[in-house]
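J.: Using my numbering, you'd call the opening residue of the sequence shown number -3 and step up by one each time. For glycine and all other residues, C-beta sits at the position ideal for the given N, C-alpha and C.
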Amino acid sequence: MKIKDHFLSQEVFEIEETDTKGVFKTSPIPSNISKYYESEDYISHHQDSGSLKQKLYKFLQSFNLQYKKTILLDRIPKGSKVLDYGCGAGEFVKYIENDFEVSGFEPDEDARKAAQNKISKAKILNDINLIEDHSLDAITLWHVFEHVENQDEMLEIFNRKLKEKGLLIIAVPNPTSYDAIHYKEYWAAYDVPRHVYHFSKTGMENLISKKPNWKLRKIKPLVLDSYYISMLSEKYKKSSLFWLKAVIHGTISNVKALFSNEFSSLIYVIEKK
């Protein structure tokens, strides 16, 4: 499938299935990938422009932050050591720093500074090797794993940093959801080339099943993502009443997913063996 970078460059990329069935990769990956993040509208790094898009994002984010924290609290006690990998501007780190001994990893300098300015207790790191091996109770990646090109290497590093029975929590968009199928090449969560990989539910299950050190324990939905992704997709299509259409198709996506479990974004709770 050919997908345009609607967000920034308008360049066209190809999405091809990898050797792992259900896992797809963007091709080609630009050697200067960092320039594809250089925009004031890139939400992970800039959150205060006051635009309609960001206001909606912040509204949905407040619900998602509590939901994400609950997922952690359901499985590990307060005070546990948590790393938020790819923490961006630090919203989740800030939200949970009073409940956990939390640190964030963020390679982008501007995002790292923004995160550091928000928090009071947590640490924001630019080198995961600063974290002691076998010291973490959980590592979270909220819409980050799809950006990681060296996924096999990173899974090995995460395994080394976690304690026995530690949790790896990965949230990624789902290209076999209703909204992905409906919007096709306009589906905003393809976000090429920034999203290097694209994981269907079957694809992530296949990927984890190939890794002897990991066990997939649970899959949970990110219900609100369908609305935000649908809104961006409608804007890429230059639709009139884009917000209304986004509500309609986001709702259809969630209702269908109640029966198929193919939500717009999925959270994979993975345990270290």
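Identify whether Glu273 lies in helix, strand or coil by the three-state DSSP scheme.
T.: Summary: the structure shown does not reach residue 273, with the chain confined to residues -3 through 269, and so no result is reported for it.
J.: Can you confirm whether the region 86 to 97 touches the region 54 to 72 when touching is taken to mean that 3 or more C-beta pairs between the two stretches lie within less than 8 Å?
T.: These segments touch.
J.: So what's Thr66 in DSSP terms, helix, strand or just coil?
T.: Thr66 falls in the helix class under three-state DSSP.
J.: So who's on the other strand from Tyr264, going by DSSP bridges?
T.: Answer by DSSP bridge pairing, in chain order: Ile166 and Ile215.
J.: Taking the Cβ atom as the reference point for each residue, do Lys0 and Phe9 lie within a distance shorter than 9 Å?
T.: Closer than 9 Å, so yes.
J.: Can you give, in chain order, each stretch of the alpha helix (DSSP H) that sits fully within the region 161 to 206 and has at least 4 residues?
T.: Counting only runs of 4 or more, we get 174 to 179 and 197 to 205.
J.: How would you label His41, buried or exposed, when you count the other beta carbons within 10 angstroms and need 16 or more for buried?
T.: Low local confidence applies: a pLDDT of 45 at His41 is under 50, so the model's placement there is unreliable, and no value is given.
J.: Is Gly75 buried or exposed, if buried means 16 or more other CB atoms sit within 10 Å of its CB?
T.: Exposed is the call here.
J.: Relative to the alpha-carbon of Lys180, which residue among Asn209, Val144, Ile225 and Phe154 has its alpha-carbon at the smallest distance?
T.: If we check each option's Cα against that of Lys180, Ile225 comes out closest.
J.: Can you give me the C-alpha to C-alpha distance between Trp239 and Leu132, rounded to a whole angstrom?
T.: Each residue's alpha carbon lies about 41 Å from the other.
J.: For Val140 and Lys234, I'd like the C-alpha separation in whole angstroms.
T.: The straight-line gap from Cα to Cα measures roughly 27 Å.
J.: Which same chain residues end up closer than 6 Å to His2 when comparing Cβ atoms and leaving out the 5 residues on each side of it in sequence?
T.: The residues are Tyr232.
J.: Use the C-beta contact count for His245: other C-beta atoms within 10 angstroms, 16 or more gives buried, fewer gives exposed.
T.: His245 should be labelled buried.
J.: Spatial neighbours of Lys241 within its chain, please: CB distance less than 6 Å, with the 5 preceding and 5 following residues excluded, ordered by chain position.
T.: The answer, listed in chain order, is Glu230 and Ser235.
J.: Could you tell me how far apart the beta carbons of Glu13 and Ser23 are, in whole angstroms, since I believe they sit closer than 8 Å?
T.: That belief does not hold up - the Cβ atoms of Glu13 and Ser23 are roughly 11 Å apart, past 8 Å.
J.: Could you tell me the distance, in whole angstroms, from the CA atom of Met150 to the CA atom of Lys157?
T.: Whole-angstrom Cα-Cα distance: 11 Å.
J.: Which same chain residues, not among the five before or five after Val144, have their C-beta less than 6 Å away from its C-beta?
T.: Within the same chain, Val144 has close Cβ partners Met150.
J.: Which residue from Leu56, Leu4 and Phe20 puts its Cα closest to that of Lys31?
T.: Residue Leu4 is the option with its Cα nearest to Lys31.
J.: In the region 106 to 148, which residue ranges form an unbroken beta strand (DSSP E) of at least 3 residues, counting only runs that do not cross its ends?
T.: Here the runs fully enclosed are 119 to 121 and 132 to 138.
J.: Look at the alpha carbon of Ser196 and the alpha carbon of Leu163, and state the distance between them as a whole number of angstroms.
T.: In a straight line, the C-alpha of Ser196 is about 21 Å away from that of Leu163.
J.: Quick one: measure Cβ to Cβ for Leu121 and Gly100, integer angstroms, because I've assumed they're closer than 8 Å.
T.: Right, the Cβ-Cβ distance comes to about 7 Å (below 8 Å), so this counts as a contact.
J.: Of the residues Cys83, Asp15, Lys117 and His194, which one's Cα is nearest the Cα of Glu105?
T.: Checked all of Cys83, Asp15, Lys117 and His194; the closest Cα to Glu105 is Cys83.
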